[in-house]
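Q: In this note's numbering, the protein residues as written are 238 to 581.
Note that the Cβ used here is the ideal one computed from N, Cα and C, for glycine as well.
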Amino acid sequence: MANKRPEFQVYNSMTKQKEIFKPIVEGKVGMYICGVTSYDLSHIGHARAYVAFDVLYRYLKYLGYEVVYVRNFTDVDDKIIRRANEVGEDPKALSGRFCQEFLYDMADLQCLLPTHQPRVTDHMQQIKDMIAQIISNGCAYAVDGDVYFSVDNFPKYGLLSGRKLEDNRAGERVAVDDRKRNPADFALWKAAKPGEPLWDSPWGPGRPGWHIECSAMSAHYLTHAFDIHGGGMDLIFPHHENEIAQSCAACSKSKVNYWIHNGFVTANDEKMSKSLGNFFTIREVTKLYHPLALRHFLLGTHYRSPVNYSISQIEISSEAVFYIYQQKLSMVSVYCSVSVSMKS
Numbered sequence: 238m239a240n241k242r243p244e245f246q247v248y249n250s251m252t253k254q255k256e257i258f259k260p261i262v263e264g265k266v267g268m269y270i271c272g273v274t275s276y277d278l279s280h281i282g283h284a285r286a287y288v289a290f291d292v293l294y295r296y297l298k299y300l301g302y303e304v305v306y307v308r309n310f311t312d313v314d315d316k317i318i319r320r321a322n323e324v325g326e327d328p329k330a331l332s333g334r335f336c337q338e339f340l341y342d343m344a345d346l347q348c349l350l351p352t353h354q355p356r357v358t359d360h361m362q363q364i365k366d367m368i369a370q371i372i373s374n375g376c377a378y379a380v381d382g383d384v385y386f387s388v389d390n391f392p393k394y395g396l397l398s399g400r401k402l403e404d405n406r407a408g409e410r411v412a413v414d415d416r417k418r419n420p421a422d423f424a425l426w427k428a429a430k431p432g433e434p435l436w437d438s439p440w441g442p443g444r445p446g447w448h449i450e451c452s453a454m455s456a457h458y459l460t461h462a463f464d465i466h467g468g469g470m471d472l473i474f475p476h477h478e479n480e481i482a483q484s485c486a487a488c489s490k491s492k493v494n495y496w497i498h499n500g501f502v503t504a505n506d507e508k509m510s511k512s513l514g515n516f517f518t519i520r521e522v523t524k525l526y527h528p529l530a531l532r533h534f535l536l537g538t539h540y541r542s543p544v545n546y547s548i549s550q551i552e553i554s555s556e557a558v559f560y561i562y563q564q565k566l567s568m569v570s571v572y573c574s575v576s577v578s579m580k581s
């Protein structure tokens with residue numbers, strides 16, 4: 238009789254409680270983690286997410302699960318286009334360069350490579366097919382080359398975040414646009430603008446909105462129903478909320494069993510982010526400290542709790558990693574001495 242895998246619990250952001258992990262298919266796990274938008278070097282807030290889910294990936298593999306781990310790159314986006322225009326670089330070249338820089342950082346932090354690392358620009362057909370299906374199912378509409386998701390036609394909107402539609406203010410998280418049927422409607426497809434990357438579509442040339450990308454790629458690699466979807470807590474709304482709406486509108490069988498989110502890295506007790514300008518890149522930290530010191534620091538706090546970055550804390554982690562290496566070297570030295578003595 239095969240050994241039974243030990244049970245473990247995960248906190249599910251959808252149900253707001255801990256649950257015993259049970260995969261859809263016995264012995265197999267499908268996991269999708271939202272990746273970076275590749276327009277700059279990644280900061281240690283990003284690192285926390287990918288180190289945390291690397292631990293989960295390793296643990297699942299250790300338990301003997303066959304894991305398909307998907308982590309995407311958003312390689313076409315408003316931020317990429319804006320940065321490319323600022324520096325006079327082709328958006329595709331710029332995003333490709335920062336995708337590679339991200340991979341260097343992940344290697345330094347000793348994160349295992351995911352099974353798949355899809356890029357948005359390689360999956361335009363899957364994205365367009367999903368948008369067409371959402372329109373066909375009555376949950377999206379086209380206006381002047383743009384396509385918007387109709388939140389009024391999806392009664393379960395807000396299921397993950399707990400937010401009500403009346404709480405969403407136009408301009409806060411979604412662009413103000415008089416053509417929308419509801420101010421909370423969000424873009425699935427954006428009509429082409431001068432000087433921007435574009436792809437042909439049934440609604441005219443343009444590019445995808447942010448949220449549809451992950452819905453399409455997760456379905457492509459993991460089917461419409463899979464086990465784990467994760468990312469930082471800041472992705473709960475609007476990104477993951479909108480993903481749920483899109484995916485379920487495209488396919489009634491769409492389901493993620495466990496939504497898992499990690500806490501923020503803070504600086505002076507304020508969320509670290511590029512928009513606030515209070516961030517440290519992974520590269521800045523690993524130039525001064527061993528990458529494993531950063532990994533140790535990020536794993537030293539419960540993954541759902543905030544962790545405040547400071548020089549004193551990274552110094553403590555650096556000393557801890559140095560101590561571990563010293564102990565390992567001492568053990569090797571003792572082993573070698575014993576081996577030599579036994580041969581004498």
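Between Trp426 and the rest of its own chain, which residues show a CB-CB distance below 7 Å, the 5 nearest in sequence each way excluded?
A: Apart from sequence neighbours up to five positions away, the residues of its chain that approach Trp426 with a beta-carbon distance below 7 Å are Ile368, Asp383, Val384, Ser438, Trp440, Gly443, Pro445, Gly446, ordered along the chain.
Q: What residue does the alpha helix (DSSP H) around Lys524 start on, and which one ends it?
A: 519–525
Q: For Ile551 and Tyr526, which I take to be in contact (beta-carbon distance under 8 Å), what is that distance rounded to the nearest angstrom?
A: 6 Å
Q: Can you tell me whether Asp506 is helix, strand or coil according to DSSP?
A: coil
Q: Do you know whose CA, among Ala284, Ser512, Lys298, lies nearest Thr518's CA?
A: Each of Ala284, Ser512, Lys298 was checked against the Cα of Thr518, and the nearest Cα belongs to Ala284.
Q: Give me the Cα-Cα distance between Val577 and Met268, rounded to the nearest whole angstrom.
A: Per-residue confidence for Val577 stands at a pLDDT of 49, beneath the threshold of 50, marking its modelled position as unreliable; no derived number is given.
Q: Report the partner residues of Gly432 according to the DSSP bridge assignment.
A: None; Gly432 has no bridge partner.
Q: With 16 as the cutoff for other CB atoms within 10 Å, does Gln483 come out buried or exposed?
A: So Gln483 counts as buried.
Q: Residues in the same chain with beta-carbon distance under 8 Å from Tyr378, minus the five sequence neighbours each way, listed in chain order, please.
A: Ile372, Val384, Tyr385, Ser387, Arg418
Q: Quick one: what's Pro445 bridged to in DSSP?
A: Partner residues in the beta bridge of Pro445, as assigned by DSSP, are Trp426.
Q: Three or more beta-carbon pairs under 8 Å between the segment 301–311 and the segment 260–278, yes or no?
A: yes
Q: In the structure shown, what three-state DSSP assignment does Arg541 receive?
A: Assignment of Arg541 by DSSP, reduced to helix, strand and coil, places it in the coil class.
Q: Can you list, in chain order, the residues of its chain whose CB lies under 7 Å from that of Phe534, leaving out five sequence neighbours each side?
A: Gln550, Ile551, Ser554
Q: Verify whether the separation of the beta carbon atoms of Ser510 and Gly325 is less than 8 Å.
A: Not closer than 8 Å, so no.
Q: If you drop the 5 nearest sequence neighbours on each side, which residues of the same chain put their C-beta closer than 6 Å to that of Thr352?
A: For Thr352, where only same-chain residues beyond five positions count, the Cβ hits under 6 Å are Val305, Tyr306.
Q: Is Arg541 buried or exposed, if buried means 16 or more other CB atoms sit within 10 Å of its CB?
A: exposed
Q: Quick check on Ala330: buried or exposed, where buried means 16 or more other Cβ atoms within 10 Å of its Cβ?
A: exposed
Q: Please classify Tyr296 as buried or exposed, where buried requires at least 16 neighbouring CB atoms within 10 angstroms.
A: exposed
Q: Exposed or buried, which one is Gly375 when buried takes at least 16 other CB atoms within 10 Å?
A: exposed
Q: With distances taken Cα to Cα, identify the nearest neighbour of Gly469 among Thr538, Val558, Ile497, Asp291.
A: Ile497
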